[in-house]
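What follows is one structure encoded as structure tokens, with my remarks underneath.
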Ligand code: 13P
Ligand code: SF4
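Numbering (the working numbering), first residue to last: 951 to 1272.
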């Protein structure tokens, strides 16, 4: 768990008229790099130096020569960047940008789960806190989970956490039995199978593409399953002209930019309150907060040194194995 931070007070801080220009100037001044996940608002994606899925962002963070990393994503992603760069300043525009999936795996309970299963290798999805990473043997993301599990000797029992849907998907793809922590993402578990099927009936030419964090009833209908980057690449490479996209709709900004002639339809959620399934954590970051974070060089990502050191090895193993 991380400390919640007070929200920036915009009334007390004068914002420049041209935020894009001001952010670009700060980038030069600080020798900063802006890394953004596909689930960020489109204007943040447009000012970022690099946009990617969790694995690509971790790779970029591992190799950057910048002095300051501005992470436009959620807390566990910025934490991963800090673990890989202990001597650099890592900024997160809104420190309250957490993750329901990371929250669904409290460290004490996970330690007990692990203690009950001696001899198991712990593979943790990167969507977890640094404390969980510190208890893990290997980290994975949605783009390399199958590849990593396939490299583990067959007689080695495995604990997989915290996402039950990715865990189940990896078990199906690898034929491996694993002990799965029962965590989940509120965004990906909220897609409505019924409404997706209805959309497909209305748009028979559309392919359904889905992130493996979705539940099995949704994945069953998918023509293609993959990480955000994999979904983006598939939507460009496929000859189909329309796609029903079952992941956070922020990715549609890049899909549409790279293929303006194609149609991308966000998969609808179960609840009727809104038409989309935006991640409430990711969307806490705004262009204004990003500017203020760079100007004030805060909020900064920090963590206890013992956790930072223990979490590094499983992340490095992932980078070597993927
Ligand atoms: P990827 O970036 O691996 O596609 O994962 C998506 C996600 O849920 C990030 O929070
Ligand atoms: Fe976490 Fe889900 Fe948001 Fe990704 S989409 S950051 S897994 S809550």
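C-beta: ideal position from N, C-alpha, C; glycine also. A quick note: this is a predicted structure, and the numbers were derived from the prediction, not measured.
Assigned with DSSP and collapsed to three states, residue 1068 falls in coil, not helix or strand. The nearest non-hydrogen atom of the ligand SF4 is 6 Å or more from the C-beta of residue 1165. The ligand 13P has a heavy atom closer than 6 Å to the beta-carbon of residue 1091. 1228 is the residue among 1257, 1249, 1228, 997 whose C-alpha sits nearest the C-alpha of residue 1050. With contacts defined as CB atoms closer than 7 Å, residue 1088 and residue 1073 qualify as a contacting pair. Residues 1024, 1047, 1048, 1049 of the same chain have their beta carbon placed closer than 6 Å to that of residue 1231, with the five preceding and five following residues left out of the count. Within the DSSP secondary-structure output, residue 1090 pairs in a beta bridge with 1075.
Proximity of the beta carbon of residue 1178 to the ligand 13P is indicated: a heavy atom of the ligand is located closer than 6 Å. Per DSSP, the unbroken alpha helix (DSSP H) holding residue 1117 starts and ends at 1114 to 1124.
The beta carbon of residue 1094 sits closer than 8 Å to those of 1005, 1268, 1271, 1272, all from its chain and outside the five residues before and after it, given in chain order. Burial is judged here by how many other beta carbons sit within 10 angstroms of a residue's own beta carbon; residue 1110 has at least 16 and is buried. Taking C-beta atoms under 8 Å as the contact rule, residue 1192 and residue 1156 qualify, at a distance of about 4 Å. The residue from 1134, 1131, 1100, 1168 with its alpha-carbon nearest to that of residue 1148 is 1168. Taking C-beta atoms under 8 Å as the contact rule, residue 1240 and residue 1001 fail to qualify, at a distance of about 14 Å. One Cα belongs to residue 1064, the other to residue 1246, and the distance between them is close to 41 Å. Distance from the CA atom of residue 980 to the CA atom of residue 1218, rounded to whole angstroms, is 41 Å. Setting aside the 5 residues that flank it on each side, residue 1142 is surrounded in the same chain by 1218, 1219, 1220, each with a C-beta closer than 7 Å to its C-beta; the list follows chain order. With a minimum length of 3 residues, the unbroken runs of beta strand (DSSP E) contained wholly in the segment 968 to 1025 fall at 982 to 987, 1000 to 1002, 1018 to 1022.
Sorting 1086, 1081, 1082, 989 by C-alpha distance to the C-alpha of residue 1069 places 1086 at the top. If you draw a straight line from the Cα of residue 1190 to the Cα of residue 1104, it is about 38 Å long. The alpha-carbon separation between residue 1112 and residue 1090 amounts to approximately 11 Å. With fewer than 16 other Cβ atoms inside 10 Å of its own Cβ, residue 1252 counts as exposed. Straight across, the Cα-Cα distance linking residue 1128 with residue 1122 is about 10 Å. Inclusion of residue 1021 and residue 1042 in the CB contact set at 7 Å is warranted, their separation being smaller than that value.
Taking 7 Å as the cut-off, the Cβ atoms of residue 969 and residue 1237 count as close.
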